[in-house]
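Down below is the structure, laid out as structure tokens.
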Amino acid sequence: MAKLKTGLIQMSLKGTTDMTPDEIRERMLKAHAPLIDDAGQQGVQVLCFQEVFTQPYFCPSQDTKWYDAAEAIPDGPTTKLMQAYAKKYAMVIVVPIYEERMPGVYYNTAAVIDADGSYLGKYSKTHIPQVAGFWEKFFFKPGASDYPVFNTAYCKLGVYICYDRHFPEGWRALALNGAEYVVNPSATVAGLSQYLWELEQPASAVANGYFIGAINRVGWEAPWNIGEFYGNSYVVNPRGQIEAQASQDKDELLVHEIDLDMVREVRNLWQFFRDRRPDTYDPLIELN
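The opening residue of the sequence shown carries number 1 in full-length UniProt numbering; numbering runs sequentially from there.
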């Protein structure tokens, strides 16, 4: 059987938002270090962190201070550090950070590092919300990728970021591009959409016949306090069953082994790809 040991890390903010982005990054990386080591020692093969994992979720503000949180990919310090960890533990690492692509142009991006430490590429968040408490268009330019799937040492890996999960088209594109396991690093709070947390990703796993790792941060982040980040990171299988789940309110490494053979098994049973009718879907892509 094709076993894959997955790891998800959820984390509360270390430090306070009146610190500089560099100071916060240093604290967040220090807090993650023992969990990354733990993942490596447990034999995790694919590890993923939460959305913009080295910083607070700063989008309740519209403060240009946070532009200083952005860094280059792959030449910035966080990606370089994770390349060293990946090589040390022969572990694929998905690194969701705030990216500066050129001065004044910023993206919400995840770098993908292979098990030998090599940089495979990146995915930038495609769908960008702009509502009270989530002023993301102030900080992020929308990604314009073709929903890449990365041929890592252990699996065909896709990335979809937070708000993206509300849009089924990207989930389907990742499936059609060959994904077996998709990670969705997020920052989502209790309230309006919490009930969707355990609805959308399982439904998307069923519709597309792959595993999903959903990661959420934990705790309150002052001074914005838009709601409590409730953790509950989990791994869901192609049948829509949550196989493992983290706690609601603490820093945690969730380690879980999945059976990639289930992808073929479920797709052979539910012939959604055979029975698709893309020839009838043209109206779905018309601009209104």
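For each residue, glycine too, the CB sits at the ideal point set by N, CA and C.
Exposed unless 16 or more other CB atoms sit within 10 angstroms - verdict on residue i
| i | result |
| --- | --- |
| residue 314 | Nothing in the structure corresponds to residue 314, since the chain is present only between 1 and 288. |
| S118 | exposed |
| A33 | exposed |
| T16 | exposed |
| D164 | buried |
| G191 | exposed |
| V105 | exposed |
| I285 | exposed |
| A69 | buried |
| L199 | exposed |
| T78 | buried |
| G178 | exposed |
| D18 | exposed |
| G43 | exposed |
| P202 | buried |
| Q278 | Correcting the residue identity first, residue 278 is Pro in this sequence and not Gln. Label assigned to P278: exposed. |
| P56 | buried |
Residues near residue i in its chain [Cβ-Cβ closer than 8 Å; skip 5 each side]
| i | result |
| --- | --- |
| A31 | M11, K14, D251 |
| I215 | L8, I9, Q10, C48, F49, Q50, E51, V183, N184, P185, S186, S233 |
| V149 | K156, L157, G158, L174, N177, G178, A179 |
Residues near residue i in its chain [Cβ-Cβ closer than 7 Å; skip 5 each side]
| i | result |
| --- | --- |
| Q194 | Y230 |
| S247 | G231 |
Bridge partners - residue i, DSSP secondary structure assignment
| i | result |
| --- | --- |
| L253 | I9 |
| Y107 | E99 |
| A244 | V235 |
| A214 | N184, Y234 |
| Y123 | A110 |
| L47 | G7, I93 |
| K156 | N151 |
| Q130 | W135 |
| V189 | F229 |
| E71 | E99 |
Rounded distance between the beta-carbons of residue j and residue i, thought under 8 Å
| i | j | result |
| --- | --- | --- |
| Y147 | L174 | 5 Å |
| E257 | K3 | 5 Å |
| N108 | F140 | 4 Å |
| F167 | G209 | The pair is not a contact, with the Cβ atoms about 18 Å apart (cut-off 8 Å). |
Local conformation of residue i per DSSP, three classes
| i | result |
| --- | --- |
| E228 | coil |
| V52 | coil |
| D38 | helix |
| D261 | helix |
| E221 | coil |
| D275 | helix |
| I161 | coil |
| A144 | coil |
| D282 | helix |
| D22 | helix |
| Y57 | coil |
| T79 | helix |
Same chain, Cβ closer than 6 Å to residue i, neighbours up to 5 away in sequence not counted
| i | result |
| --- | --- |
| S204 | W171 |
| F138 | Q62 |
| P60 | G133, W224, I226 |
Proximity test, Cβ basis, 8 Å: residue i and chain D
| i | result |
| --- | --- |
| D63 | In the structure shown, chain D cannot be found, because there is only a single protein chain. |
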